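In terms of my numbering, the sequence shown opens at residue 2 and continues consecutively. Presented below is the structure to which this report refers.
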Amino acid sequence: MVTNGNAVFFIKVSEDVGTSAPATETQLGLGMSQLFYDSTKSVKLSWNFAQSSSTNLLDWIGMFEVDEHNPLQYIDYKSHGVCGSATGSVEWPIVADFLTASKMRTEVCFRYFDGLTGFLRASSPPLLVYSDAKLVVDAISVTNLKHGKHITYRAKVHMGESIEYKTVPTADGSWTDLNFAFQADRSREIQLVVKQKSWRHERILGEATIPIADLIYQRNQEFAFVLRPTNRRSSSHSASATSQFACQVYVNCHFIPENRQSIEETLEALHIPQSASTRMTPDDPTTTAMTMSALSESTSNSSVLSSSVTTSSSDQAYSSLSSGSLVLPPGWEARVDAKGRVIYLDHVNRTTTWKPPTVLEPESDDQSDLNSNARYPNARRTVSGKNNGGTTYTHPVTFLLRNNFVHLLHNNVEARQMYNDSIYLKHVLHKIRKEPSSFEKYAQNRELVDFLNSFADKTQPLPSGWQIARRPNADQRLFIDHQSRRITLIDPRLPNESKRRAHSAPPTRRNHDVNGNSMVSILQRTDEIARLVVERFPEMAPRVCQKLNAIKINGIEALLRYSNDVDLITAISVLDSAPTLPKTDFEEKVTYFYQALHRAGYGQGNGKIRFRLRRTNLLTDAFEKILSIDATQLKRFPMTVTFDEEDGLDYGGPSRELFFLLSRELFNPYYGLFECACNDNYTVQVSAMSKFVDNHLQWFELCGRILGLALIHRCMIDTFFTRAFYKMLQGLPYKLEDLQSMDLQYYNSLLWVRNNKITPDLELTFTTTEDIAGEVVERELLPGGKQILVTDTNKEEFITLMIRSRVERNAEAQNKALLRGVYSLVDREYLRVFDAKQLELVLSGTVEINIEDWRENTEYKNGFFEDHVVVRWFWDTVYSFSNAERLKLLQFVTGTSSIPFEGFKALRGSNGPKKFTIEKYGTENSLPRAHTCFNRLDLPAYPTKQVLLAKLQIAINESSSYAME
Numbered sequence: 002m003v004t005n006g007n008a009v010f011f012i013k014v015s016e017d018v019g020t021s022a023p024a025t026e027t028q029l030g031l032g033m034s035q036l037f038y039d040s041t042k043s044v045k046l047s048w049n050f051a052q053s054s055s056t057n058l059l060d061w062i063g064m065f066e067v068d069e070h071n072p073l074q075y076i077d078y079k080s081h082g083v084c085g086s087a088t089g090s091v092e093w094p095i096v097a098d099f100l101t102a103s104k105m106r107t108e109v110c111f112r113y114f115d116g117l118t119g120f121l122r123a124s125s126p127p128l129l130v131y132s133d134a135k136l137v138v139d140a141i142s143v144t145n146l147k148h149g150k151h152i153t154y155r156a157k158v159h160m161g162e163s164i165e166y167k168t169v170p171t172a173d174g175s176w177t178d179l180n181f182a183f184q185a186d187r188s189r190e191i192q193l194v195v196k197q198k199s200w201r202h203e204r205i206l207g208e209a210t211i212p213i214a215d216l217i218y219q220r221n222q223e224f225a226f227v228l229r230p231t232n233r234r235s236s237s238h239s240a241s242a243t244s245q246f247a248c249q250v251y252v253n254c255h256f257i258p259e260n261r262q263s264i265e266e267t268l269e270a271l272h273i274p275q276s277a278s279t280r281m282t283p284d285d286p287t288t289t290a291m292t293m294s295a296l297s298e299s300t301s302n303s304s305v306l307s308s309s310v311t312t313s314s315s316d317q318a319y320s321s322l323s324s325g326s327l328v329l330p331p332g333w334e335a336r337v338d339a340k341g342r343v344i345y346l347d348h349v350n351r352t353t354t355w356k357p358p359t360v361l362e363p364e365s366d367d368q369s370d371l372n373s374n375a376r377y378p379n380a381r382r383t384v385s386g387k388n389n390g391g392t393t394y395t396h397p398v399t400f401l402l403r404n405n406f407v408h409l410l411h412n413n414v415e416a417r418q419m420y421n422d423s424i425y426l427k428h429v430l431h432k433i434r435k436e437p438s439s440f441e442k443y444a445q446n447r448e449l450v451d452f453l454n455s456f457a458d459k460t461q462p463l464p465s466g467w468q469i470a471r472r473p474n475a476d477q478r479l480f481i482d483h484q485s486r487r488i489t490l491i492d493p494r495l496p497n498e499s500k501r502r503a504h505s506a507p508p509t510r511r512n513h514d515v516n517g518n519s520m521v522s523i524l525q526r527t528d529e530i531a532r533l534v535v536e537r538f539p540e541m542a543p544r545v546c547q548k549l550n551a552i553k554i555n556g557i558e559a560l561l562r563y564s565n566d567v568d569l570i571t572a573i574s575v576l577d578s579a580p581t582l583p584k585t586d587f588e589e590k591v592t593y594f595y596q597a598l599h600r601a602g603y604g605q606g607n608g609k610i611r612f613r614l615r616r617t618n619l620l621t622d623a624f625e626k627i628l629s630i631d632a633t634q635l636k637r638f639p640m641t642v643t644f645d646e647e648d649g650l651d652y653g654g655p656s657r658e659l660f661f662l663l664s665r666e667l668f669n670p671y672y673g674l675f676e677c678a679c680n681d682n683y684t685v686q687v688s689a690m691s692k693f694v695d696n697h698l699q700w701f702e703l704c705g706r707i708l709g710l711a712l713i714h715r716c717m718i719d720t721f722f723t724r725a726f727y728k729m730l731q732g733l734p735y736k737l738e739d740l741q742s743m744d745l746q747y748y749n750s751l752l753w754v755r756n757n758k759i760t761p762d763l764e765l766t767f768t769t770t771e772d773i774a775g776e777v778v779e780r781e782l783l784p785g786g787k788q789i790l791v792t793d794t795n796k797e798e799f800i801t802l803m804i805r806s807r808v809e810r811n812a813e814a815q816n817k818a819l820l821r822g823v824y825s826l827v828d829r830e831y832l833r834v835f836d837a838k839q840l841e842l843v844l845s846g847t848v849e850i851n852i853e854d855w856r857e858n859t860e861y862k863n864g865f866f867e868d869h870v871v872v873r874w875f876w877d878t879v880y881s882f883s884n885a886e887r888l889k890l891l892q893f894v895t896g897t898s899s900i901p902f903e904g905f906k907a908l909r910g911s912n913g914p915k916k917f918t919i920e921k922y923g924t925e926n927s928l929p930r931a932h933t934c935f936n937r938l939d940l941p942a943y944p945t946k947q948v949l950l951a952k953l954q955i956a957i958n959e960s961s962s963y964a965m966e
């Protein structure tokens, strides 16, 4: 029913599952030929051997990649409890662990083997499993419209600003055979706008935003959305005037596999001979005139729809090109003339050609500012060096001619293996080292390219003006030098020959920070340098420490002033030889995660997003301001936080405090969005009762954005979730062990079902009981679950459904809203770098405070040192505190009570890691003061331990009532 003038539209989403195949003596039956995969799904597999010899209980069925013919290389298999009968069927689950994450399309098949002889009895047709899909809008119809002589209606469907489709005006508001195609990006939304036009004016009836993720999760069913009136004004009437108009909008759409065809495949599909591309060359002076004449013929009639992505054309062949089967660089366009020939237009250079341009795709998003579609004439590296004779060689040749090349080869295990395995590679290398000019002859040899690239340091950024790209649907990487306009297969990050450093120049540091700025690294490690100098060079320590203190006070200006100082150069060089502890696997994952975000452009924008919030109204302010900003901007730009009536700059401290305060409020069970998962430990999960909270889905989207922003800005939250919650964030399947810490009785019950034989006497069905608002309700796990008995054959499916029911607890809509908020900022694939436990450590840290680790990673300034009496009193006071008081102290100084998983050595400041610091400041009547951006506590030199304790307790308990810098 339509009420209060609000329109409702109904979306029917289907999925193209291809064709089914029947079961025969030599063929397994398959319920579909293609499957759109986004989570655990099942495909029905059947067999029929009634006419042949009997089967046996040792028979088994395996799932294989289509090209895999080794029976031992199966992806998954089923045997006991499934096979054995002459006829039968099974619902085969397709889960993420079976498929390669890097493949968007995988073809698998099923094969039935005789368990006694190993004979292949039957195999199934191929099943295409794909995760790269297109959403195609087929038809739109609007009912309950006002009809008149001069009234027409049209609809617009768009995704952001880049992809937009418009329908032709009609009087009945119905459009069919639209074929509006959008990429099924789960983090995006499509917008639908319906307009009415009369001879007097045009007005917007309303618009709707449809998340792609919702269409994916609710496909193969029909669901409804509220079509909200727009807040924009039309040409002559405001949108508020349309709020009294009611209508119903019906949208039919379906998912199809994403097909990325090559140019040759596209031409073949259009039935255009390859020779057509050679009938005319760009050098022909008549090219432009002939082309424009042909194009004027081919575009004389208008299309049913117009799109900002493709130019409309009446030619059917050109429609195929516009639909996305041919990928062209920006500024290029493909058209088909009246004779069916494909013409390529370069709008930038105002030229036309019969030959398709070379298309290159960026390897990563951090290079999107470069021209990833440049077309360079040959593949040769132009960065050069000189040998002793003065001849100029390219960088790969210079590398091969180095005096220590044999030593480098001996230390590179991968390159040494290739060298020993290939006689041809040995010959090529000896030839080049003897005759360097012969390198061009072998420059594109695959073995030589792989050999040279094995020496490249892939942890380093590319040289200035360089970019990594690849051809569509190809694994071969290309390296583009935009300065000299050349393309090469050889990585330019080959090691350069080290040069001897003169005493007149400052040392070049090998360990850079994330920005590659060695000066920042030196400024942050002045205390470490001073300690190492005292240990190793005690005779020069006094004068070096004096210079280091000046650098600490005056910053980069002082560092530049001492850049040629021999003592300081010697002191800084100590860092190069200082032993470094090896990184754990988890630390390497964290480093990779943030490097990946950095490469993707996170936080690299020139501007800033500034939040000004009120502590007294923090949740409401955060709800309004964080949700009002586009997710792309939240990812791209750095963020600063300011609290009303509190002066100061945000160098990281207020941001950390914001996430600390918001997590304490949003995830607090008191507010109804979340609930305690169990009684014996404080972990929370999404509450099924949260649906009674006003605007609960928007609140959950805010929760998701808070989690995403905390990950991006390396801030921690003061909340711990269940292990299953972290798996939900990663899109991983739940396991029975995840229930052990949530509900031990529930876990033991399902464990008994798994380990024991299920008999009909138990009368166990696919149903579960739930307590909703004090009422016990029985719910079916499957349609018709009351009539389905649990047996040994299907009990694993029953356990899986029970686990999911216990974890999600009728909160599917809330979970989707939360995931929408997270994925709008951080893609799920980034989160899958970690396992669930590691993701918990990255988000929430640890609550266990190791005071010894705290003391070892504390620095002292302005007269304080480790054995100072006030410092000893401070640590005695910390030891006497309860754990809750220690967390308050940590939150007072750093802005958060969470401790990084690496310990106190990983506390972060404004420019990276910054240790806890205690500085002597103020009089004995002053209170301790905190600089949360720098993890610094300004502690006066109190006369007694009792005064220090009293002042410190006032500071940590009343910190919100006075300003912290």
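Yeah, the Cβ is synthetic: ideal placement off N, Cα and C, and Gly gets one too. Fair warning: this is a prediction, and the values are worked out from it, not measured in the lab.
Alpha-carbon spacing of residue i relative to residue j, whole angstroms
i       : j       : result
Ser-34  : Leu-128 : 5 Å
Leu-763 : Thr-770 : 16 Å
Thr-723 : Ala-678 : 7 Å
Met-64  : Asp-828 : 29 Å
Leu-401 : Arg-856 : 51 Å
Phe-1   : Pro-23  : No information on residue 1 is available, as it lies outside the stretch 2 to 966 that the chain covers here.
Ile-707 : Ser-629 : 13 Å
Pro-397 : Lys-459 : 16 Å
Glu-886 : Gly-602 : 39 Å
Gln-746 : Arg-821 : 32 Å
Ile-919 : Ala-134 : 56 Å
Tyr-831 : Thr-168 : 38 Å
Val-843 : Thr-585 : 14 Å
Own chain, CB closer than 7 Å to residue i, minus 5 neighbours either side, in chain order
i       : result
Tyr-593 : Val-834
Gly-608 : Phe-638
Beta carbon of residue i nearer than 8 Å to that of residue j
i       : j       : result
Arg-187 : Val-14  : no
Thr-154 : Gln-197 : Note that residue 154 is Tyr in the sequence shown, not Thr. Taking 8 Å as the Cβ cut-off, Tyr-154 and Gln-197 qualify as a contacting pair.
Trp-48  : Gly-30  : yes
Lys-787 : Thr-766 : yes
Tyr-922 : Asn-863 : yes
Val-534 : Ala-559 : no
Glu-925 : Ala-942 : yes
Leu-712 : Ala-818 : no
Beta-carbon contacts of residue i that lie in its chain and below 6 Å, excluding the five residues immediately before and after
i       : result
Leu-659 : Val-642
Gly-606 : Arg-637 and Phe-638
Residue i burial status per 10 Å Cβ neighbour count (16 or more: buried)
i       : result
Asn-421 : exposed
Gln-461 : exposed
Asp-877 : exposed
His-148 : exposed
Leu-561 : exposed
Gln-686 : buried
Gly-119 : exposed
Gln-468 : buried
Glu-415 : exposed
Kindly provide the ranges of any beta strand (DSSP E) runs that are 3 or more residues long and lie completely inside the region 742 to 786, ordered along the chain.
At a cut-off of 3 residues, the continuous stretches assigned as beta strand (DSSP E) that sit fully inside the region 742 to 786 are 768 to 773 and 776 to 781.
Which runs of the beta strand (DSSP E) at least 3 residues long sit entirely within the region 22 to 81? Give them in chain order.
The region 22 to 81 contains these whole beta strand (DSSP E) runs: 35 to 37, 42 to 49, 61 to 66 and 77 to 79.
Could you give the uninterrupted runs of the alpha helix (DSSP H) lying entirely in the region 618 to 657, keeping only those of 4 residues or more?
619 to 629 and 632 to 637, all fully within the region 618 to 657.
Which parts of the region 110 to 136 are runs of the alpha helix (DSSP H), unbroken and 4 residues or longer, counting only runs that do not cross its ends?
Entirely contained in the region 110 to 136, not one alpha helix (DSSP H) run reaches 4 residues.
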